[in-house]
Every structure is written in C-alpha cells, then in structure tokens.
Amino acid sequence: MPLSELTLRRQVEQFYDRIRADELLAPIFAEHVKDWDTHVDRLGDFWSSIVLTSGRYKGNPYRAHLPFAHQLTPDLFARWLDLWSQTARDNFSEDIAAQLEFKAQRIARSLMAGLLSQPDPGAPLGASLPVHPGQH
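To convert, note that position 16 of the sequence shown is 16 in the UniProt record's numbering; the numbers rise steadily by one, no gaps.
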C-alpha cells in the first residue's frame with residue numbers, strides 16, 4: 001500500500017490499538033492518555049509532519065513526555081519500536097516499513113537521550129530494528 005495521509009493514519013490507529021493491548025505499554029498510556037481520539041489525532045499530525053512533511057504537528061514531544069520521564073525505560077522504548085515496526089510491516093511494503101522504522105528509531109533515540117539522560121543516543125534499540133543510514 002502506498003504511503004499517504006490515509007494509510008499513515010491507519011498505521012497510527014492500528015499502532016495505538018496495539019499499544020492499548022500491550023501488557024508493558026498499556027498501563028503507562030492508560031495513566032497519561034485520557035482522551036484517545038485526541039491523542040490519536042495529535043499523533044496522526046505528528047507522524048504526518050515527520051513522514052510526509054505536512055507541518056501539521058504543533059507541539060513538543062520532549063515536553064509532552066517530561067512529566068512522566070521517571071516511568072520510562074529503554075525496554076519500554078524498545079517495545080514501542082517493536083510495535084511500530086510490526087504495524088508498519090503489516091501495512092506497507094518492506095521499503096516503506098523500513099523508512100517508518102528508521103524515523104521512529106531516530107525519534108526514540110532523541111527522546112531517550114533527553115528524557116533518560118542516555119550517554120549514547122546512537123546505541124541500538126531493539127535487536128529486530130535495523131538502522132538504515134541515509135534514508136529519510
């Protein structure tokens with residue numbers, strides 16, 4: 001399936017369905033997300049801005065996660081990446097899924113570096129996710 005606003009929105013919706021069912025991530029999200037429709041809309045805008053350069057997202061991911069940074073761990077970020085990857089591979093061709101995975105890895109590394117004070121933001125996050133240098 002080609003990458004478009006519609007298919008990316010489907011990716012985000014299915015990804016958050018998986019998050020809500022995941023034994024590791026669901027409790028954290030349930031504690032901090034009170035309105036799932038608004039959250040999915042906001043994250044749809046975020047991914048549209050990141051992947052399709054739409055410019056729709058007007059927020060600060062670091063600031064949004066800062067209040068509960070003490071609850072976050074590298075394992076939770078790795079699980080988040082695994083679910084994103086699984087969803088992308090279910091929805092898109094291998095090339096598009098790899099692009100989505102690469103962008104998610106960059107976001108996770110950046111957030112981990114800031115929120116968890118990780119000394120090495122280039123360290124691997126999840127063995128199943130390859131790094132694809134040069135893809136944007």
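Where a beta carbon is used, it is the ideal one built from N, C-alpha and C, also for glycine.
Beta-carbon spacing of residue i, residue j below 8 Å
{"i": "LEU72", "j": "LEU116", "result": "yes"}
{"i": "LEU81", "j": "GLN105", "result": "yes"}
{"i": "VAL40", "j": "LEU8", "result": "no"}
{"i": "ARG56", "j": "SER48", "result": "yes"}
{"i": "ASP22", "j": "ARG79", "result": "yes"}
{"i": "ALA108", "j": "PHE77", "result": "yes"}
Residue range of the alpha helix (DSSP H) that includes residue i
{"i": "GLN71", "result": "Where GLN71 is concerned, there is no enclosing alpha helix (DSSP H), given that its DSSP letter is neither H nor E."}
{"i": "THR7", "result": "5-21"}
For residue i, the three-state DSSP class (helix, strand or coil)
{"i": "VAL33", "result": "coil"}
{"i": "GLY55", "result": "coil"}
{"i": "SER117", "result": "coil"}
{"i": "ASN91", "result": "helix"}
{"i": "LEU25", "result": "coil"}
{"i": "PRO2", "result": "coil"}
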